[in-house]
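Undergrad:
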Amino acid sequence: MYWYFGSTSDASLLISNFFGRVAPQNGIPEGVYDIDNDFSLVIENVTASNEGTYYFQVKPRSKEVESGSVEVCDKVSPSRPYPTVIGCNQDHDADTCEVRVRHDSTVHYLTCVMEQVKPAVQLRWIHLFLGGQTELSAYRTVRPVVLPAYTGSSLRNNTSSTSASVHLTRVDDEEVYECEAVGVAVGNSTRTRVYLTKTHPTTATHPTTATHPTTATHPTTVTHDTTYNEVQFSNNPRK
1 MYWYFGSTSD ASLLISNFFG RVAPQNGIPE GVYDIDNDFS LVIENVTASN
51 EGTYYFQVKP RSKEVESGSV EVCDKVSPSR PYPTVIGCNQ DHDADTCEVR
101 VRHDSTVHYL TCVMEQVKPA VQLRWIHLFL GGQTELSAYR TVRPVVLPAY
151 TGSSLRNNTS STSASVHLTR VDDEEVYECE AVGVAVGNST RTRVYLTKTH
201 PTTATHPTTA THPTTATHPT TVTHDTTYNE VQFSNNPRK
């Protein structure tokens, strides 16, 4: 049993199992690769450099050589288990959220994203209604993510972020939509359900303070007439 990486040349041989003796090849140290009892290749401490095509060759006793290949993809799952809907009240682990729009809105945009995954996922928008569903025409983008070395987030480096947007030309109250992500990185598929509701205007009531007329009181000055009796004094004694 022989396992190769990239091609079936002698220089590409990784490890062999010859009559039950497993041995790494081409100077590869012990513990990097192994072959289990089912003759499957075991890779320890997987990194992005292990992504690629692996080839095997096996020659059962008294039989022809059998060969084949296996494609190995580096998988990076999202930090959030469900697609994120922009402007939606959504908890980290919740698969439902609510989008509120003005009562007089006639158009609206819905955008969902799945960030820093590998391989990139496919996103689609679905309109749910009583008795069925319809896939909406969406504008999709896939953006490569390259992080600086000093961030220390090597796992998220060389991943992809995908977004999908739909333009709703009609906005009705209590509509239901779903953003679905499909791909290896999310374990087949995952989705977020969006409830769209309209906000209705409310009439504010303010308390009223009653005003009573006020009578002003002005100070009054009372004047009294005082009469003084004039007394004359004389130094001459009365005769």
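Everything in the sequence shown is counted per the UniProt record's numbering, starting at 1 for the first residue and increasing by one.
Note that CB positions come from ideal geometry on N, CA and C, so glycine has one too.
In this text the structure is predicted, and so the values were computed from the model without any measurement.
Helix, strand or coil for L155, going by three-state DSSP, please let me know.
TA: Position 155 of the sequence shown holds residue 155. Note: L155 maps to helix in three-state DSSP.
Undergrad: In this structure, how does DSSP classify D172 when only helix, strand and coil are distinguished?
TA: Residue 172 sits at position 172 when you count from the first residue of the sequence shown. Looking at D172 - three-state DSSP - the assignment turns out to be coil, as it is neither helix nor strand.
Undergrad: With a floor of 3 residues, list each beta strand (DSSP E) that falls wholly inside the stretch 22-52, ordered by position along the chain.
TA: 33-35 and 41-43
Undergrad: Can you give the Cα-Cα distance for L13 and Y33, rounded to whole angstroms?
TA: Within the sequence shown, the letter at position 13 stands for residue 13. Within the sequence shown, the letter at position 33 stands for residue 33. Answer to the nearest angstrom: the Cα atoms are 11 Å apart.
Undergrad: Are three or more beta carbon pairs between the stretch 114-121 and the stretch 67-82 nearer than 8 Å?
TA: yes
Undergrad: Would you call T226 buried or exposed, if buried means 16 or more other Cβ atoms sit within 10 Å of its Cβ?
TA: The residue you call residue 226 lines up with position 226 of the sequence shown. Confidence at T226 is low in this model, with a pLDDT of 41, below 50, so its placement is unreliable and the value that follows should be read with caution. T226 should be labelled exposed.
Undergrad: Please report the distance separating the alpha-carbon of L123 from that of Y82.
TA: Numbered from 1 along the sequence shown, position 123 holds the residue referred to as residue 123. Numbered from 1 along the sequence shown, position 82 holds the residue referred to as residue 82. About 11 Å.
Undergrad: Rank P148, V194 and L41 by C-alpha distance to the C-alpha of V70 and give the top, closest one.
TA: Looking up residue 70 in the sequence shown gives position 70. For the residues P148, V194 and L41, the minimum Cα distance to V70 belongs to L41.
Undergrad: When we look at the beta-carbon of S7 and count the other beta-carbons within 10 Å, is it buried (16 or more) or exposed?
TA: Position 7 of the sequence shown, counted from the first residue, corresponds to residue 7. Burial call: exposed.
Undergrad: Which of the three DSSP states is assigned to S165 in this structure?
TA: Taking the first residue of the sequence shown as position 1, residue 165 is located at position 165. In this structure, S165 counts as strand in the three-state DSSP scheme.
Undergrad: Give me the Cβ distance between S163 and R140, rounded to the nearest whole Å; I'm assuming they're in contact under 8 Å.
TA: Your numbering for residue 163 matches position 163 in the sequence shown. Your numbering for residue 140 matches position 140 in the sequence shown. Their Cβ separation, rounded to whole angstroms, is 7 Å, which keeps S163 and R140 in contact under 8 Å.
Undergrad: Using 8 Å for Cβ pairs, my map puts residue 292 next to E180. What's the rounded Cβ distance?
TA: In this structure the chain extends from 1 to 239, so residue 292 is not present and cannot be described.
Undergrad: CB V101 to CB C88, shorter than 8 Å?
TA: Position 101 of the sequence shown, counted from the start, is the residue given in the question as residue 101. Position 88 of the sequence shown, counted from the start, is the residue given in the question as residue 88. With contacts defined as CB atoms closer than 8 Å, V101 and C88 fail to qualify as a contacting pair.
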